[in-house]
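Below is one structure, written out as structure tokens; comments come after it.
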């Protein structure tokens, strides 16, 4: 499948992962959860959208790398892809918190950073798990890992193809030996295997046959690294299922459809669903008639999801797309006349392999 073509399978998977995480968070803090199969499923398995996101991210980061003329262009465009929408979501979340405090007379949904130090770390996305400063939005911890993944690939991208894969292998080996932790830089290695699987999968599907030995080693080692990294069995299963779906989509591309196109707004859904749905409406789920109601809660979820998707489309068109365009211009300014020296071909509309 050519890299210039829209991958509807990945877009659909990305959208479903975002919705899954959103529905998980709707019930995460409830003391009395509705006793239905619907709520039990999303409360127990909705969080599995996270490893699916990481696998997709590993796969798609290789597409971004192949589209970039230089490594510098790659990292600049990636940072512009992450940070402007993140900064907007910070303002959005703060606004929600302030409005709720004015309406309710108290702030019981999250703790805003108070010191200049904490504000700066929040602005730079250096919150938990990198530091002890808590993010004001529950999903921000995954964004930090995304940025760390980008920088790992950025460093590796200065090397020729085989050495690129070899360095990825060394990082994955490191994830097998670095003690698993939930705080500090070491926590990066806990989730690295999930991301590395996506990278390895891309290379297996697109590299020349004579380069596949290292790719197979990276893929196998990434799967094994789940165990020493202390990842859970559900995360492993979700990652494998994501791999299977991506492979099927590679050989049997999904046709254009309206649901897959919602993959465009999956990042915005991920960023704003907590303040817009959980912070604003979770307290009402504990009250009658919503309390433990297995019929009204799914109905409310549907209404809120439509609201989130509508807002996410606005954010995508007015925040994400302009920041992507700005990232391209900034990257072009810093890399004018340069070409990437790695062994990766820049996609020209034809399949890489």
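In the working numbering, the protein residues as written are 549 to 901. Ideal placement from N, C-alpha and C gives every residue a C-beta, glycine not left out. In this text, all values refer to a predicted model and were calculated from it rather than measured experimentally.
By a beta-carbon distance limit of 8 Å, residue 611 does not contact residue 790. Their separation comes to about 16 Å. The criterion of a C-beta distance shorter than 9 Å is not satisfied by residue 645 and residue 663. In this structure, DSSP gives residue 683 a state outside helix and strand, which the three-state scheme calls coil. Contact annotation: the stretch 724–743 touches the stretch 778–797, with at least three C-beta pairs closer than 8 Å.
Collapsing the DSSP output to three states places residue 655 in coil. Sorting 805, 830, 580 by C-alpha distance to the C-alpha of residue 561 places 805 at the top. Within the same chain, Cβ atoms closer than 7 Å to the Cβ of residue 695 are found at 630, 673, the five residues on either side in sequence being excluded. Here DSSP, grouped into helix, strand and coil, assigns residue 778 to coil. Put simply, the backbone Cα of residue 817 is about 21 Å away from that of residue 682.
In this structure, the alpha-carbon of residue 775 lies about 17 Å from that of residue 602. Counting only runs that start and end inside the stretch 696–769, the alpha helix (DSSP H) elements of at least 4 residues fall at 709–725, 735–754. Residue 591 carries a helical assignment under DSSP once its states are collapsed to helix, strand and coil. Look at the beta carbons and you see the stretch 797–804 touching the stretch 557–574: at least three pairs across the two are nearer than 8 Å. Taking a cut-off of 8 Å for Cβ pairs, the stretch 647–661 and the stretch 844–854 do not touch, as fewer than three such pairs fall below it.
Between residue 832 and residue 824, the CB-CB gap reaches or exceeds 9 Å. Counting along the chain, residue 559 sits inside the alpha helix (DSSP H) bounded by residues 556–576. Collapsing the DSSP output to three states places residue 673 in coil.
The three-state reading of DSSP puts residue 663 in coil, since its state is none of H, G, I, E or B. Distances from the alpha-carbon of residue 641 to those of 688, 613, 710, 749 put 688 closest. In the structure shown, the three-state DSSP call for residue 649 is helix. If you draw a straight line from the Cα of residue 829 to the Cα of residue 655, it comes to about 14 Å. Check the Cα spacing between residue 769 and each of 868, 578, 618, 719: the tightest is with 719. At the C-beta level, residue 563 and residue 576 stay beyond 9 Å of one another. Under the DSSP assignment, residue 606 falls in the alpha helix (DSSP H) whose first and last residues are 597–615.
Non-local C-beta neighbours of residue 594 in its own chain, meaning closer than 7 Å and more than five positions away in sequence, comprise 568, 569, 571, 572, ordered along the chain.
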